[in-house]
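**Student:** Just so we're aligned, residue 100 is where the sequence shown starts under the numbering used here, counting upward by one.
Where a beta carbon is used, it is the ideal one built from N, C-alpha and C, also for glycine.
These numbers come from a predicted model, not from an experiment.
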Amino acid sequence: MRNFLTTADWTREELQSLIDRAVEFKNGAQPRPMAGKSIALLFFNPSLRTRTSFELGAWQLGGKAIVLSPGKDAWPLEFEIGTVMDGTAEEHVKEAAKVLSRYCDLIAVRAFPEFRDWNVDREDRVIKAFARYAEVPVINMETITHPCQELALMQNIQRHLGKPDGRNFLLTWTWHPKPLNTAVANSALLIASKFGMNVKLLCPNEEYLPDERYLGLAKRYAGEQGGQFEVTHDIQHAYSGAEFVYAKSWGALPYFGRWEEELPMREANRHFIVDEKKMALSNNALFSHCLPLRRNVKATDAVLDADYCVAIDEAENRLHVQKALMTELLAH
């Protein structure tokens, strides 16, 4: 039995195999490996693309998706071991994961950080607890990484740029009125470097750097795959030569739980918005984003409506890569 918790657990060749199968689905392949099978989708946080693409994907494969929102339409869950459950939680993950395993053939979980203490959030306890106690494969639908988005992103890159090795990838921080999860930023760094791209990370200052765990992996992958990895705070330098610009907002990790202190620093960097002037500095780059995206906050209307914006293609790819993933996990 194999889980899909992070792409760090899968080789480049294995991930490429998933992408190749996703391309087959995109081109119209219609196998039904989930006939008579089901997947439990547990959403601790909201979703549009993830929920829709997983539900439709399971149905198109011949299966059934069961959607649950713990604490809303399902019992609130406890994750601490040995705790006295005299609070709001009605059920422990030990029982929930095992029961769902008896009903369903796959379990998928979306659980964002609580944004109070990064040292706690980085342990990713919710998805790890399900993986520990479940008796069927577990899929990460976004926690502190977003591996399904990684597959969709790389499928998008390969469709538009061909072989990714040696191509110039820019991940740029953008302003947002709220401090957001670092999951997609972490994941973008991992997948681009794992596939041999020359990766630049642009952010306002060192306090906006992602966790060293992911920076370290990105540097390692770049070395292994013949790519490059660079951190810069210079906007013009970052966009220069870029062939694929990927935008994401995230909060500064040192300020987890103290967001009112981070706010002035975040507000001072609204100029990181992706606009036509910045895109003109690039090497005719494509632009994408995981979505949702606030127009004229993260990127301008002109960028989002341009022919070089391929964010909708990436969103479509979520359906195909997740069908490929469910097919692969059920086969083992």
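With three or more beta-carbon pairs closer than 8 Å as the criterion, would you say the segment 245 to 255 touches the segment 416 to 428?
**Tutor:** At 8 Å Cβ cutoff, the stretches touch.
**Student:** Between the C-alpha atoms of R111 and L289, what's the straight-line distance to the nearest angstrom?
**Tutor:** Distance between the alpha carbons of R111 and L289 is about 11 Å.
**Student:** Thinking R209 and E177 are a contact (beta carbons under 8 Å), I'd like their distance in whole angstroms, please.
**Tutor:** Actually they do not touch by this definition, with Cβ atoms about 18 Å apart.
**Student:** Can you give the Cα-Cα distance for D333 and D264, rounded to whole angstroms?
**Tutor:** Taking the straight line from one Cα to the other gives about 24 Å.
**Student:** Look at the Cβ atom of Y313, then the Cβ atom of T271, and state whether they are nearer than 9 Å.
**Tutor:** Going by C-beta atoms, Y313 is not nearer than 9 Å to T271.
**Student:** Compare the Cα-Cα distances from V330 to each of A317, E189, G356 and E323 and report the closest residue.
**Tutor:** Here the closest residue by C-alpha is A317.
**Student:** Decide if the segment 225 to 238 is in contact with the segment 193 to 210; the criterion is three or more beta carbon pairs, one per stretch, under 8 Å apart.
**Tutor:** With the cut-off at 8 Å, the segment 225 to 238 and the segment 193 to 210 touch.
**Student:** Give a yes or no on whether the C-beta atoms belonging to C302 and F103 are separated by under 9 Å.
**Tutor:** It is not a contact, given that the beta carbons lie outside the stated cut-off.
**Student:** Could you give the distance in angstroms between the alpha-carbon of F143 and the alpha-carbon of D119?
**Tutor:** For F143 and D119, the distance between alpha carbons rounds to 31 Å.
**Student:** Run through DSSP, which three-state label would H370 get?
**Tutor:** H370 falls in the helix class under three-state DSSP.
**Student:** For N218, which of helix, strand or coil comes out of DSSP?
**Tutor:** Note: N218 maps to helix in three-state DSSP.
**Student:** Let me know the beta strand (DSSP E) ranges lying completely inside the segment 167 to 195, each 3 residues or longer, listed in chain order.
**Tutor:** Those beta strand (DSSP E) runs which fall completely within the segment 167 to 195 and span 3+ residues do not exist here.
**Student:** Does DSSP put Q257 in a helix, a strand or coil?
**Tutor:** Reduced to three states, the DSSP call for Q257 is helix.
**Student:** Rounded C-beta distance between F343 and L260? I'm assuming under 8 Å.
**Tutor:** Between L260 and F343 the Cβ distance is about 7 Å, and since that is below 8 Å, they are a contact.
**Student:** For Y407, which three-state DSSP category applies?
**Tutor:** Coil at Y407, not helix or strand.
**Student:** Helix, strand or coil for Q327? Go by DSSP, reduced to three states.
**Tutor:** Note: Q327 maps to strand in three-state DSSP.
**Student:** Could you compute how far the alpha carbon of H431 sits from the alpha carbon of M100?
**Tutor:** If you take the alpha carbons of H431 and M100, they lie about 6 Å apart.
**Student:** Assuming A188 and F229 form a contact by the criterion Cβ under 8 Å, report the distance between their Cβ atoms to the nearest whole angstrom.
**Tutor:** Contact doesn't hold; Cβ gap of about 15 Å is too wide.
**Student:** With C-beta atoms as the reference, is H388 less than 9 Å away from Y338?
**Tutor:** Their beta carbons are not under 9 Å apart, which means H388 does not touch Y338 by this criterion.
**Student:** Assuming T271 is part of the beta strand (DSSP E), what are its boundary residues?
**Tutor:** N267 to W272 is the extent of the beta strand (DSSP E) around T271.
**Student:** What span of residues does the alpha helix (DSSP H) with L117 cover, start to end?
**Tutor:** Element bounds for L117: R111 to K125.
**Student:** Could you tell me the boundaries of the alpha helix (DSSP H) in which N285 lies?
**Tutor:** Start and end: A282 to K293.
**Student:** Do T281 and I372 have their C-beta atoms within less than 9 Å of each other?
**Tutor:** No, they are not a contact pair.
**Student:** Within 10 angstroms of its Cβ, does T182 collect 16 or more other Cβ (buried), or is it exposed?
**Tutor:** T182 is exposed by the Cβ-count criterion.
**Student:** Roughly how far, in whole angstroms, is the beta-carbon of S292 from the beta-carbon of C203, given that I think they are within contact range, below 8 Å?
**Tutor:** Not quite, the Cβ-Cβ distance comes to about 34 Å (not below 8 Å), so this is no contact.
**Student:** Less than 8 Å between C-beta atoms, sequence neighbours within five positions excluded: which residues of the same chain meet that for M184?
**Tutor:** The answer, listed in chain order, is E177 and H191.
**Student:** Taking 9 Å as the threshold (beta carbon to beta carbon), is A282 in contact with chain D?
**Tutor:** Looking for chain D here will not work: only one protein chain is present.
**Student:** Looking only at C-alpha atoms, which of A284, M364, L140 and G170 sits nearest to D310?
**Tutor:** For D310, the nearest C-alpha among the options comes from A284.
**Student:** Between I411 and the rest of its own chain, which residues show a CB-CB distance below 7 Å, the 5 nearest in sequence each way excluded?
**Tutor:** The answer is none, since no qualifying residue turns up.
**Student:** Could you tell me the alpha carbon to alpha carbon distance between P353 and E306, rounded to whole angstroms?
**Tutor:** Using only the alpha carbons, I get a separation of about 7 Å.
**Student:** Are the CB atoms of L380 and Q443 within a distance shorter than 9 Å?
**Tutor:** The chain is shown from 100 up to 431; residue 443 falls before or after that span and cannot be answered.
**Student:** Going straight from the alpha carbon of A164 to that of H370, what length do you get?
**Tutor:** Spanning the two alpha carbons is a distance of roughly 42 Å.
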